[in-house]
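Read in order, the letters of the sequence shown are residues 271 to 658 in my numbering. All residues carry an ideal CB built from backbone N, CA and C; glycine is no exception. These numbers come from a predicted model, not from an experiment.
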Amino acid sequence: MDWRTRLLSPANRSRRDYQSLATPVYRGSTVLFDNQSQVNDSWQQTENGYSYGLYGTPTTLELASRIAEFEDARHTFIVPGGQAAIALVYLAYCKAGSHALVPHSAYGPNKEMAEGLLRGLGIEVQAYDPLIGEDIAALIRHNTALIWCESPGSVTMEVQDVPTIVNAARNTGAAVAIDNTWSAGVMFDAFAHGVDVSMQALTKYVGGHSDLLLGSVSVRDDQAYAKFGPVYRQLGLAVSPDDCSLALRGLQTMAIRLDHVERSALKIAQWLSQQQTIETVLHPALPGSPGHDNWRRDFTGSSGVFSFIVKTGIPPHAVEKFINELSLFKIGLSWGGVNSLAVVYPDLERPGKDYGGRLVRLNIGLETTDDLISDLHTGLQEIQETHL
Ligand SMILES: *Cc1c(COP(=O)(O)O)cnc(C)c1O
């Protein structure tokens, strides 16, 4: 055979029985079959064997099964990011004429999708107060297909009464989905609390190092599995096995990262709540934070993201200066990585609330807690001297 042909059909390949602690990165679009009768392109690779890279290589499915294992799910779909996970949940449950409910405190792009793409498809999404509790029953209509929960809510950190919402949805046509990113899928046991679908931005604590984007959609039962699979396939939500390999590495240290940021964030939140410049600290584990009682009842811990509001009278430019002058806290969106981040939300919209550029969200990373406190202290001291 010509050398050109031999490059493509080698006579010898390396042994395949290498055993490593790391999951190999399997790249591949085409999957080889032993004979024609085995050719299929089923998305149900767990049951039917590998068919096509789009539905995941062994690296992807390994990540999926690890997430499914710790969330206690029937199955987990790995998708390109948290936002793709949100889209998959909407499109699996809603069609033209459907109604869905989403809390005011949901992740911004979730609400943006509700107002944008979904409205154009004839799906009506109605926002509700995250602390609505049993009154959600009055909002459920004959065509309500989906109720979103996100707990705690993005930026304003309201912890929802999920069991009560699940109860209200029972025996209606509505499924309950939760964005469980803040708890990393571990500090709130979504399925034990009755939800149908739990999604996460793996970008955050599972990835853990601000260098990948992935999402997961975990389903409770066979019925949801059968509903989600075809939509996942039709949308072609392929992910990179390299990113999945990084996420698998992230899982190995997630427990100690979470333990550290929990302790550090709590200490910083408690310190902040004693500062004269601060009006409120929005941290689910602090008494007085919205939905704190729900957190105490339903969660096994807290993570490293929370917010605080400076006192009225402190002008937005002073808050902006404070953010700009922090040295350890970097300025940036997303969270869950090893670096601490701070960001102010100048035009955050929440009905009946005017934060007017006074709300700051922090992501606590792995720096030494006292150094982070010193960083904040310097900036708050300046605000106090100038504006109080
Ligand atoms: C970041 C985030 C998402 C979106 O995740 P991406 O991977 O960035 O698309 C969804 N929900 C919550 C709560 C998030 O914080």
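For GLY635 and ASN609, which I take to be in contact (beta-carbon distance under 8 Å), what is that distance rounded to the nearest angstrom? With a Cβ gap of about 5 Å, GLY635 and ASN609 count as contacting.
Indicate the three-state DSSP secondary structure (helix, strand or coil) for GLU428 in the structure shown. In the structure shown, GLU428 sits in coil (DSSP, three-state: anything other than H, G, I, E or B).
Grab me the residues of ALA354's own chain with a C-beta within less than 7 Å of its C-beta, minus the 5 sequence neighbours each way, in chain order. Excluding positions up to five away in sequence, the list reads GLY485, LEU507.
According to DSSP, simplified to helix, strand and coil, what is VAL359? VAL359: helix per DSSP, three-state reduction.
8 Å Cβ shell around VAL509 - same chain, five flanking residues per side excluded: The answer, listed in chain order, is GLY326, THR330, ILE348, VAL349, PRO350, LEU484.
Nearest by alpha-carbon distance to GLU590: which of TYR360, LEU552, PRO616, THR426 is it? Each of TYR360, LEU552, PRO616, THR426 was checked against the Cα of GLU590, and the nearest Cα belongs to PRO616.
Look at VAL456 and ALA517 and say whether their C-beta atoms are less than 8 Å apart. Cβ distance not < 8 Å, so VAL456 and ALA517 don't count as in contact.
Hey, GLY423 and SER480: beta-carbon distance below 8 Å or not? Contact: no.
Can you tell me the Cα-Cα spacing of ARG297 and PRO511, whole angstroms? Inter-residue distance for ARG297 and PRO511 is about 6 Å (C-alpha atoms, whole angstroms).
For a quick check, are the C-beta atoms of THR648 and ALA588 less than 8 Å apart? Annotated as distal: THR648 and ALA588, with beta-carbon spacing of 8 Å or more.
CB of SER424 to nearest heavy atom of ligand 1: below 7 Å? SER424: yes, Cβ under 7 Å from ligand 1.
Going by beta-carbon coordinates alone, are GLY574 and GLU532 separated by less than 8 Å? It is a contact, given that the beta carbons lie within the stated cut-off.
Name the DSSP beta bridge partners of ARG620, please? Among the bridge pairs identified by DSSP, ARG620 is matched with LYS623.
With CYS514 as the anchor, note down where its beta strand (DSSP E) starts and where it stops. Where CYS514 is concerned, there is no enclosing beta strand (DSSP E), although the alpha helix (DSSP H) around it starts and stops at 511-543.
Hey, could you find the ends of the beta strand (DSSP E) MET469 is sitting in? That run of the beta strand (DSSP E) goes 467-471.
Give the single residue among GLU394, ARG527, ASP491, LEU416 whose Cα lies nearest to the Cα of ALA454. Taking only the C-alpha atoms, the option nearest ALA454 is ARG527.
Report the CB separation of PRO621 from VAL429 in whole angstroms; it is logged as a contact under 8 Å. Between PRO621 and VAL429 a beta carbon distance of about 18 Å is seen, past the 8 Å cut, so the two are scored as non-contacting.
Give me the Cα-Cα distance between ALA661 and GLY478, rounded to the nearest whole angstrom. Residue 661 lies beyond the residue range present for the chain, which begins at 271 and ends at 658; the question has no answer from this structure.
So, helix, strand or coil for SER486, using DSSP? Three-state DSSP puts SER486 in a strand.
Residues of its chain near GLN654, where Cβ-Cβ distance is below 7 Å and the 5 sequence neighbours each way are ignored: Excluding residues within five positions, the ones whose Cβ falls inside 7 Å are GLN546, THR547.
In chain order, what residues of the same chain have a beta carbon less than 7 Å from the beta carbon of TRP541, not counting five sequence neighbours either side? Hits under 7 Å: ILE643.
Opening and closing residue of the alpha helix (DSSP H) in which HIS657 lies: Per DSSP, HIS657 belongs to the alpha helix (DSSP H) from 639-657.
Distance, LEU611 Cα to LEU265 Cα: Absent from the model: residue 265. The displayed extent of the chain is 271 to 658, so no value can be given.
For the region 425-440 against the region 300-313, are there 3 or more C-beta pairs whose distance is under 8 Å? Because the criterion of three Cβ pairs below 8 Å is not met, the region 425-440 and the region 300-313 do not touch.
So, ALA444 versus ILE417, is the Cβ gap smaller than 8 Å? Result yes, Cβ atoms of ALA444 and ILE417 sit closer than 8 Å.
Give a yes or no on whether the C-beta atoms belonging to LEU401 and GLY561 are separated by under 8 Å. The criterion of a C-beta distance shorter than 8 Å is satisfied by LEU401 and GLY561.
With H, G and I counted as helix, E and B as strand and the rest as coil, what does DSSP make of LEU277? Helix at LEU277.
Excluding the 5 residues flanking ASN380 on each side, which residues of the same chain have their C-beta closer than 6 Å to its C-beta? Here ASN380 has ILE356 as same chain residues with Cβ atoms under 6 Å from its own Cβ, once five neighbours each way along the sequence are excluded.
Proximity winner among LEU658, ALA338, LYS537, relative to THR582 (alpha-carbon distances): Per the Cα distances, LEU658.
For ALA415, which of helix, strand or coil comes out of DSSP? ALA415 falls in the strand class under three-state DSSP.
Hey, is ASP645 close to ligand 1, as in C-beta under 7 Å from one of its heavy atoms? Because no heavy atom of ligand 1 lies under 7 Å away, the Cβ of ASP645 does not count as near it: no.
Is ASP449 helix, strand or coil when you go by DSSP? Strand at ASP449.
What does the Cβ neighbour count give for HIS369, buried or exposed, with the cut at 16 atoms within 10 Å? Counting other Cβ atoms within 10 Å of its Cβ, HIS369 reaches 16 or more and is therefore classed as buried.
Ligand 1 and LYS474: does the residue's C-beta get closer than 7 Å to at least one heavy atom of that ligand? The answer is yes for LYS474.
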